[in-house]
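Residue numbers (UniProt numbering): 1 to 354.
Shown next as structure tokens:
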């Protein structure tokens with residue numbers, strides 16, 4: 001099977017249209033039902049292997065090594081499973097498109113393929129839900145501080161009972177910024193590079209990190225070593241998307257100072273303040289653009305000389321993120337179109353030489 005019987009340069013355009021379709025479906029329909037959600041299925045597969053991670057009778061250093069290797073093997077097995085399933089789905093669509101070429105115009109075949117890929121990509125990203133959850137925190141906070149804390153607790157793993165109103169708002173904005181990368185830009189990035197298997201691999205890795213990657217006691221188990229591979233794998237796969245998200249935020253928002261030299265100079269220093277090697281980048285970019293501080297009590301403060309965020313800045317943060325996502329799509333379409341034109345010209349040149 002060879003998908004490249006289409007017009008030269010068609011595949012990047014198919015992928016870009018697929019991304020656009022996924023975001024449109026996300027905007028119109030939101031998340032699929034739980035029983036049909038592949039990320040829920042990924043989570044359940046991770047839960048099923050958790051008892052095996054903590055099996056065995058080893059103690060001390062031997063136990064730590066055993067849990068580390070079991071965590072790595074379990075992660076690799078499930079990553080292979082979900083990536084293979086996504087590859088099989090994509091291969092089936094490509095095979096169907098190839099077989100339809102004699103009966104359908106190439107343009108219509110490519111369009112149908114993009115629509116189907118976009119529909120399959122949608123559950124692997126969550127832009128609408130992210131925006132709604134962050135909006136809900138601000139709406140609850142407008143009612144009362146306890147309501148805001150309770151709503152925030154749905155989004156974050158940190159303790160919320162002692163946060164004041166400013167800290168609740170900071171946490172919500174941080175969640176928006178970090179998950180703009182984790183839940184939107186990163187799946188799109190890996191889809192653009194590797195198609196549906198790339199997006200599925202990333203979404204699995206991010207889900208595994210959320211369930212296994214945080215060290216400490218959870219459910220009566222110590223995850224210090226069992227989840228270490230999951231955490232490092234997510235760090236590796238998120239490294240480029242996190243920095244790309246920060247870049248998109250700055251470039252898409254010149255009116256908020258995104259093009260100023262001082263903003264770019266401060267970005268790296270602020271981003272490195274967080275324990276995460278990746279999460280600090282979109283959070284620092286957002287703090288600098290909003291002109292407010294963001295932080296986690298007792299852990300870090302980004303842009304510390306700035307005032308606490310106000311309600312209007314929570315709404316502005318969503319606008320900043322939306323513009324960054326729009327810039328991603330614009331850049332993807334431009335690059336795909338340029339590649340398509342180059343491929344057509346190269347193909348015509350080869351045919352002329354023959």
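Beta carbons are placed, not taken as given, at the ideal position from N, Cα and C, and that holds for glycine.
Looking at the DSSP output, residue 273 shares a beta bridge with no other residue. Around residue 83, the same chain offers 197, 200, 201 as residues with beta carbons nearer than 7 Å, after the five sequence neighbours per side are excluded. A Cβ-Cβ separation of about 19 Å leaves residue 185 out of contact with residue 263 under the 8 Å criterion. With a 10 Å radius around the Cβ and a threshold of 16 neighbouring Cβ atoms, residue 349 comes out exposed. Two segments are said to touch when three or more pairs of C-beta atoms, one from each, lie closer than 8 Å; by this definition the stretch 259-278 does not touch the stretch 322-335. Sequence-distant Cβ neighbours of residue 166 in its own chain, meaning closer than 6 Å and more than five residues away, are 308. With 16 or more neighbouring CB atoms inside 10 Å of its own CB, residue 295 falls in the buried class.
Within the same chain, and ignoring the five residues on either side of residue 212 in sequence, the residues whose Cβ sits closer than 6 Å to its Cβ are 227, 230. Here DSSP, grouped into helix, strand and coil, assigns residue 217 to strand. Looking at the DSSP output, residue 302 bridges to 294.
Annotation: the stretch 94-142 contains the following complete segments of the alpha helix (DSSP H) (minimum length 4 residues), in chain order: 106-121. Below 8 Å, too few C-beta pairs join the stretch 48-57 and the stretch 171-187 to call them touching: fewer than three.
Between the alpha carbons of residue 329 and residue 322 lies a distance of about 11 Å. By the CB criterion at 7 Å, residue 271 and residue 284 fall inside the cutoff. The three-state secondary structure of residue 164, taken from DSSP, is coil. A direct Cα-to-Cα measurement between residue 252 and residue 48 gives close to 42 Å. Shown here for residue 127: same chain residues with a beta carbon closer than 6 Å to its own, the five before and five after excluded, namely 26, 184 in chain order. Selection 319, 23, 188 evaluated against residue 255 yields 319 as nearest (Cα-Cα). The beta-carbon separation of residue 114 and residue 18, rounded to 5 Å, stays under the 8 Å limit for a contact. A residue is called buried once 16 or more other Cβ atoms fall within 10 Å of its Cβ, and residue 174 is buried on that count. Bounds of the alpha helix (DSSP H) holding residue 18 are 10-29. Residue nearest to residue 20 within the set 132, 205, 189 is 189 (criterion: CA-CA distance). The secondary-structure analysis by DSSP pairs residue 222 across a beta bridge with 217.
With respect to the 7 Å criterion, residue 169 and residue 314 are classified as neighbours on the basis of their beta carbons. CA-to-CA, the gap between residue 324 and residue 316 works out to about 12 Å.
Per DSSP, the unbroken alpha helix (DSSP H) holding residue 206 starts and ends at 186-212. Listed in chain order, the non-local C-beta contacts of residue 282 below 7 Å within the same chain comprise 177, 178, 180, 181, 242, 245, 246, 249, local neighbours out to five positions each way being set aside. Non-local beta-carbon contacts of residue 100 in its own chain, meaning distances under 7 Å to residues more than five positions away in sequence, involve 109 in chain order. For residue 243, the enclosing alpha helix (DSSP H) starts and ends at 228-252. Residue 146: member of the alpha helix (DSSP H) spanning 145-153, first to last residue.
With contacts defined as CB atoms closer than 7 Å, residue 280 and residue 274 qualify as a contacting pair.
In the displayed model, residue 34 falls within a helix according to three-state DSSP. At the C-beta level, residue 32 and residue 124 stay beyond 7 Å of one another. Taking 7 Å as the cut-off, the Cβ atoms of residue 94 and residue 116 do not count as close. The DSSP-derived three-state label of residue 171 is helix.
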